[in-house]
Amino acid sequence: MMKLTMKEKGAMRVTEHLTVAAQNAALRQQLSPQNQAYWDALVVALRQQPKFKDEATLQQHLRELLPSLIVAQSAQQSAAQFYGGDPETVAAKMGQPARTKPQWLTWDLLVPVLIFISSGILPAIILPAIPLQGLLVAVQFGLFVIAMVVGLGVTRQVTLRRRVLSWLAIVVVLLVAMGIAAKTVPARGLVYFPRGGGSLVLVGFALVVTGFTWWHHRRHVTSWFPAVLGSLWITTLLALLARFTGTAGLMVTATGNLLIGIGTILGDVSILIIGWHIWQLRQTLAQKATDKH
3 MMKLTMKEKG AMRVTEHLTV AAQNAALRQQ LSPQNQAYWD ALVVALRQQP KFKDEATLQQ
63 HLRELLPSLI VAQSAQQSAA QFYGGDPETV AAKMGQPART KPQWLTWDLL VPVLIFISSG
123 ILPAIILPAI PLQGLLVAVQ FGLFVIAMVV GLGVTRQVTL RRRVLSWLAI VVVLLVAMGI
183 AAKTVPARGL VYFPRGGGSL VLVGFALVVT GFTWWHHRRH VTSWFPAVLG SLWITTLLAL
243 LARFTGTAGL MVTATGNLLI GIGTILGDVS ILIIGWHIWQ LRQTLAQKAT DKH
């Protein structure tokens, strides 16, 4: 495939600009004299905005605005009514730089929280006779938040390999700190999850997370949320077995403790395995996007 030179690309850009400008001129003719006067004043004001210093950018923006204004005019709305202000004020608003949210502020932030819940909190309340220690959860969650903040701050400044190693080190330190907290924090704020109400809460939470995961995965095929489902449902199933009349007795024996231990390990392993596959998929898609450019 023959590559275009810089000069040819520039010529194509000029041609495209002229085409868009011609379309804008034709669309402008469909405006009433009053709306044309407003439009001309708006264009002049937009040219004063740094965001629209580039003529091609301005013409493309005008091309996006004109059809909506024509529709509003057909509904007996004036341009001033449609835009809700004088041309200078409207141009100033349009010229404001778009607010971009930080790259770390995404739905992905919920995934570590769900992992913390499914791997840290739910296993502690599998047996209905053992209460949730509110104070301990608060302390451990505080440690978790600190670890997340440190991780986000450190990993944005290092390479991919060091990023993985940094997160591993942070996770190890976090687990050690949480273990120390579990042995030293006094039992305060006890919350029990009995057989009836506890079962409803656990199943309800699992269904909500599953529904949200399905919704998010339909929109983002590389969503991290499916990595949590295995651990979540394994823990929920163990908690239900500990609350059903036929199996409650088994879960308080040595066999039950073994099942809980195996289930907890399987849940954690499922997070690692599914998460690894999602990470590989993300890397593959990112590489394909890079190759296209």
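Residue numbers (the working numbering): 3 to 295.
No residue lacks a Cβ here, since even glycine has one placed at the ideal position from N, Cα and C.
Bear in mind the structure is a predicted one, so any value in this text is a computation, not a measurement.
At a Cβ-Cβ threshold of 9 Å, Leu-71 and Asn-26 do not count as neighbours. Fully contained in the region 153–233 is no beta strand (DSSP E) run of length 3 or more. Taking a 10 Å sphere around the C-beta of Ala-77, we find fewer than 16 other C-beta atoms and assign the residue as exposed. Collapsing the DSSP output to three states places Leu-71 in a helix. Burial state of Ser-34 is exposed, judged by a 10 Å Cβ sphere holding fewer than 16 other Cβ atoms. When the alpha-carbon of Gln-142 is set against those of Leu-154, Gly-263, Val-230 and Thr-186, the nearest one is in Thr-186.
Relative to the Cα of Ser-225, the nearest Cα in the group Ala-250, Arg-158, Val-113 and Ser-233 belongs to Val-113. Cα atoms of Val-166 and Val-156: separation of roughly 11 Å, rounded to the nearest angstrom.
Here Tyr-194 is exposed, its C-beta having fewer than 16 other C-beta atoms within 10 Å.
Annotation note: the region 82–150 contains the following uninterrupted alpha helix (DSSP H) runs of length 4 or greater, listed N- to C-terminal: 89–96 and 112–118. The DSSP-derived three-state label of Thr-21 is helix. Here DSSP, grouped into helix, strand and coil, assigns Asp-42 to helix. Following the DSSP letters along the chain, one finds Thr-249 inside the alpha helix (DSSP H) bounded by residues 247–253.
One thing to note: Ala-244 has its Cβ within 9 Å of the Cβ of Pro-130. Here Ala-77 carries a coil assignment [DSSP, helix/strand/coil]. In the displayed model, Ala-244 falls within coil according to three-state DSSP, outside both helix and strand. Rounded to the nearest whole angstrom, the C-alpha separation of Ile-127 and Ala-179 is 20 Å. Ranked by Cα distance from Thr-91, the options Phe-118, Tyr-40 and Trp-109 are led by Tyr-40.
No Cβ-Cβ contact shorter than 9 Å links Leu-231 with Gly-191.
The C-alpha of Thr-238 is placed about 11 Å away from the C-alpha of Thr-266. With distances taken between CA atoms, Trp-281 lies nearest to Val-223 out of Ala-250, Leu-260, Val-223 and Gly-269. Straight-line measurement puts the Cα of Ala-74 at about 21 Å from the Cα of Ala-94.
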